[in-house]
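The numbering of the sequence shown is the working numbering, which starts it at 806 and goes up by one. The structure appears below as structure tokens.
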Amino acid sequence: MAVVGLYFIGLVFGGVITDPNITILYVTIAVLAFTFVLLTMTRMRRGIRIGAYTPVKVLSVVKCGQCSFKQIKNFAIGDFVFKALGKCTQCMTGDLTINGIYTEGSPKK
Ligand SMILES: [Zn+2]
Numbered sequence: 806m807a808v809v810g811l812y813f814i815g816l817v818f819g820g821v822i823t824d825p826n827i828t829i830l831y832v833t834i835a836v837l838a839f840t841f842v843l844l845t846m847t848r849m850r851r852g853i854r855i856g857a858y859t860p861v862k863v864l865s866v867v868k869c870g871q872c873s874f875k876q877i878k879n880f881a882i883g884d885f886v887f888k889a890l891g892k893c894t895q896c897m898t899g900d901l902t903i904n905g906i907y908t909e910g911s912p913k914k
């Protein structure tokens, strides 16, 4: 479709304008316009994809091995089950480990 459009522009201006500099100018404008349309379309497609995508909340369950301390935190890259997170902030002796990772799914599921 775009190729046909460019051909059409060339056909119209090629017949009327004899000055090659103006032809080059029009071709440049046409190419710029085409690039702009292409960029806009790409951006729109990306926008639709973002709009359709509902972010899934990933949570990590942090538990202490000594006391009943339990914490739900947002999943961070590098988190895995049984990963040690250092000493417990509550009892100061137990080790905090990630007990589970789960997703807070969309209401549809
Ligand atoms: Zn503890």
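Where is the CB? At the ideal position from N, CA and C, for every residue including glycine. None of these values were measured; they are calculated from a predicted model.
Measuring from the CB of residue i, is there a heavy atom of ligand 1 at a distance below 7 Å?
i: Gly899; result: yes
i: Met876; result: Strictly speaking, residue 876 in this sequence is Gln, with Met absent from that position. No; taking the cut-off as 7 Å, the Cβ of Gln876 has no heavy atom of ligand 1 nearer than that.
Hey, could you find the ends of the beta strand (DSSP E) residue i is sitting in?
i: Asp900; result: Asp900 to Glu909
i: Gln895; result: Run containing Gln895: none; DSSP gives neither H nor E here.
i: Val867; result: Lys862 to Cys869
i: Lys888; result: Careful: Lys888 lies outside any beta strand (DSSP E) and carries neither H nor E.
i: Ile877; result: Lys875 to Asn879
Short of 8 Å in beta carbon distance, which residues of its chain neighbour residue i, apart from the five on each side in sequence? Order them along the chain.
i: Ile877; result: Leu864, Ser865, Val866 and Val867
i: Lys914; result: Confidence in Lys914 is poor, its pLDDT being 48 and thus under 50, which makes the residue's placement unreliable; the coordinate value appears in the next sentence. Counting only Cβ-Cβ distances below 8 Å, and skipping sequence neighbours, we find nothing.
i: Ile906; result: Val863, Leu864, Ser865, Val866, Phe880, Asp884, Phe885 and Val886
Identify, in the order they occur along the chain, each residue of the same chain with its Cβ nearer than 7 Å to the Cβ of residue i, setting aside the five sequence neighbours on each side.
i: Gly891; result: Leu901
What residues in its chain sit with their C-beta under 6 Å from that of residue i, if we drop five residues either side in the sequence?
i: Ala896; result: Before going further, note that residue 896 is Cys rather than Ala in the sequence given. So the qualifying residues of the chain are Gln871 and Cys872.
i: Cys893; result: Cys869, Phe874, Gly899 and Leu901
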